[in-house]
Amino acid sequence: MIGVLGNFNKDKFYDIFNELGSFLKEENLEFYLLESKKIDLSKVLHKEVVSDFETIIKKTKIIISIGGDGTIISTIRKLIGYEKPILGLHIGGLGFLAESNIDNYKMRILNILNNDYYIEKRMLLKVFYTNKNATYDVINELVVDRGYSGRTIRTNVEVSGQYVNTYESDGIIFSTPTGSTAYSLSAGGPIVHSKLDLIVITPICPHTLSMRPLIVSSNEKIEITFDTSGNANKELSLTIDGQIQESIDSDSVISIKKSNHFASMIKFKDDDYYSTLRKKMNWKGNLRYK
Numbered sequence: 209m210i211g212v213l214g215n216f217n218k219d220k221f222y223d224i225f226n227e228l229g230s231f232l233k234e235e236n237l238e239f240y241l242l243e244s245k246k247i248d249l250s251k252v253l254h255k256e257v258v259s260d261f262e263t264i265i266k267k268t269k270i271i272i273s274i275g276g277d278g279t280i281i282s283t284i285r286k287l288i289g290y291e292k293p294i295l296g297l298h299i300g301g302l303g304f305l306a307e308s309n310i311d312n313y314k315m316r317i318l319n320i321l322n323n324d325y326y327i328e329k330r331m332l333l334k335v336f337y338t339n340k341n342a343t344y345d346v347i348n349e350l351v352v353d354r355g356y357s358g359r360t361i362r363t364n365v366e367v368s369g370q371y372v373n374t375y376e377s378d379g380i381i382f383s384t385p386t387g388s389t390a391y392s393l394s395a396g397g398p399i400v401h402s403k404l405d406l407i408v409i410t411p412i413c414p415h416t417l418s419m420r421p422l423i424v425s426s427n428e429k430i431e432i433t434f435d436t437s438g439n440a441n442k443e444l445s446l447t448i449d450g451q452i453q454e455s456i457d458s459d460s461v462i463s464i465k466k467s468n469h470f471a472s473m474i475k476f477k478d479d480d481y482y483s484t485l486r487k488k489m490n491w492k493g494n495l496r497y498k
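Mapping the sequence shown onto our numbering, position 108 (from 1) lands on 316, and the numbers just tick up by one.
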């Protein structure tokens, strides 16, 4: 039994879902589409399968997320704690999380039916901050930055009680391996294999060039405080996965550690991580002998 979530704002979603639904019916597979106020039911061919979240959780074994990386991240967030295996069906531009697309998703579903797949568990981060006594799980990255101010911020970073550095920069990115190909990469961070368990600390436009990205074990606990002296920024911004944003005060204390939850991503035996990197990053390979 399959649950389907997706980006209901894209017209292409409805084309793919309707085709997917017809295919699943031909294979005698039960499936459900998560209800949402954003769904345009006039475009849905299989209206009878629209169901609430509780039904999706109770009756499905896997989830298909139709959309780009942002949609897949939203799907992971909705399912945190339920550990449902997720198959990304990619529509849109650049994306690293999806394992199928409009050309091969039927084959991938048949692979799943034949048990020709495996589950890759991706680490998440747990973030706690004192402003609102709030806790979040992070799939890609936590970003702490200067918000609307034009001034740099001074961020004090400790790892398991040991002082690391005070970063003067536009902000800092704390990334999972999954998120290493997102904002962190754009800011000069390393590409990290998704199977690893570690945390990447990447300063954004640091004031000093010697302030380079740092990789620490996922067993470490990171604590962040801010310089509050003089003309230092008093209002900062905290953003999680580019989807949740909060204003925070400069006297906040932010704690980051590995989450007890994880993302369960469906993978296939013929997957080639490095081939995906070459394709998505537009690497040309060995040009010398071509």
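All residues carry an ideal CB built from backbone N, CA and C; glycine is no exception. This structure is a prediction, so every number in the text was calculated from the model and none was measured.
- Note the first and the last residue of the continuous beta strand (DSSP E) segment covering SER467. Position 259 of the sequence shown, counted from the start, is the residue given in the question as residue 467. For SER467, the enclosing beta strand (DSSP E) begins and ends at 462–475.
- Item | Contact under 9 Å by Cβ, SER282 with GLN451 | For the purposes of this step, residue 282 is identified with residue 74 of the sequence shown, where counting begins at 1. For the purposes of this step, residue 451 is identified with residue 243 of the sequence shown, where counting begins at 1. Yes, the Cβ-Cβ distance between SER282 and GLN451 is below 9 Å.
- Query: Residues in its own chain within less than 7 Å of ILE210 by CB, not counting five upstream and five downstream?
  - Reply: Within the sequence shown, the letter at position 2 stands for residue 210. Same-chain partners within the cutoff: LEU232, LEU237, PHE239, THR268, ILE270 and ILE272.
- Coil, strand or helix - GLY278 by DSSP: In the sequence shown, counting from the first residue as 1, residue 278 sits at position 70. Residue state, collapsed to three classes: helix.
- Query: To the nearest whole angstrom, what separates the beta carbons of ILE545 and LEU321, a pair I think is in contact under 8 Å?
  - Reply: It is not possible to answer for residue 545, since the shown part of the chain is limited to 209 through 498.
- Measure the C-alpha to C-alpha separation of ILE299 and SER244 and round it to an integer number of angstroms. One-based indexing of the sequence shown puts residue 299 at position 91. One-based indexing of the sequence shown puts residue 244 at position 36. The straight-line gap from Cα to Cα measures roughly 19 Å.
- Message: Quick check on DSSP: helix, strand or coil for SER388?
- Response: In the sequence shown, counting from the first residue as 1, residue 388 sits at position 180. Collapsing the DSSP output to three states places SER388 in a helix.
- For chain E, is any of its Cβ atoms less than 9 Å away from the one on ASN494? In summary, chain E is missing from the structure at hand, where a single protein chain is found.
- Of all the beta strand (DSSP E) runs that stay within the bounds of the segment 229–279, which reach a length of 3 or more residues? Listed in chain order, the complete beta strand (DSSP E) runs (minimum 3 residues) inside the segment 229–279 are 239–242 and 270–275.
- Message: Can you tell me whether ASP277 is buried or exposed? The criterion is at least 16 other CB atoms within 10 Å of its CB, across all chains shown.
- Response: Here the question's residue 277 lines up with position 69 in the sequence shown. By the neighbour-count rule (16 or more Cβ atoms within 10 Å), ASP277 is buried.
- Task: Report, in whole angstroms, the separation of the C-beta atoms of GLU428 and SER368, which I expect to be a contact under 8 Å.
- Result: Here residue 428 refers to the residue found at position 220 when the sequence shown is read from its first residue. Here residue 368 refers to the residue found at position 160 when the sequence shown is read from its first residue. Rounded to the nearest angstrom, the Cβ distance from GLU428 to SER368 is 5 Å, consistent with a contact under 8 Å.
- Message: Closest to MET419 by C-alpha separation, out of ALA395, SER425, SER426 and LYS403, would be which residue?
- Response: Counting from one through the sequence shown, the residue named residue 419 turns up at place 211. Taking each of ALA395, SER425, SER426 and LYS403 in turn and checking the Cα distance to MET419, the smallest one comes out for ALA395.
- Item | 6 Å CB neighbourhood of LYS314 in its chain, flanking five on each side removed | Within the sequence shown, the letter at position 106 stands for residue 314. Result list for LYS314: PHE231, in chain order.
- Task: Check LYS218 in the structure and name its three-state DSSP category.
- Result: As a first step, residue 218 must be located in the sequence shown, where it is residue number 10. Looking at LYS218 - three-state DSSP - the assignment turns out to be coil, as it is neither helix nor strand.
- To the nearest angstrom, how far is it from the Cα of LYS246 to the Cα of ASN217? Locating residue 246 in the sequence shown gives position 38, where the first residue counts as 1. Locating residue 217 in the sequence shown gives position 9, where the first residue counts as 1. CA-CA distance, LYS246 to ASN217, rounds to 7 Å.
- With 16 as the cutoff for other CB atoms within 10 Å, does ASP459 come out buried or exposed? Position 251 of the sequence shown holds residue 459. Exposed, since its Cβ has fewer than 16 Cβ neighbours within 10 Å.
- Residues bridged to GLN453 (per DSSP): By 1-based counting over the sequence shown, the position of residue 453 is 245. Looking at the DSSP output, GLN453 shares a beta bridge with THR447.
- Item | MET331, DSSP secondary structure in three states | The residue labelled residue 331 in the question sits at position 123 within the sequence shown. Annotated three-state conformation of MET331 is strand, per DSSP.
- GLU473: buried (16+ other C-beta within 10 angstroms of its C-beta) or exposed? The sequence position of residue 473 within the sequence shown is 265, counting from 1. The question names Glu, but residue 473 in the sequence shown is Met. So MET473 ends up on the buried side.
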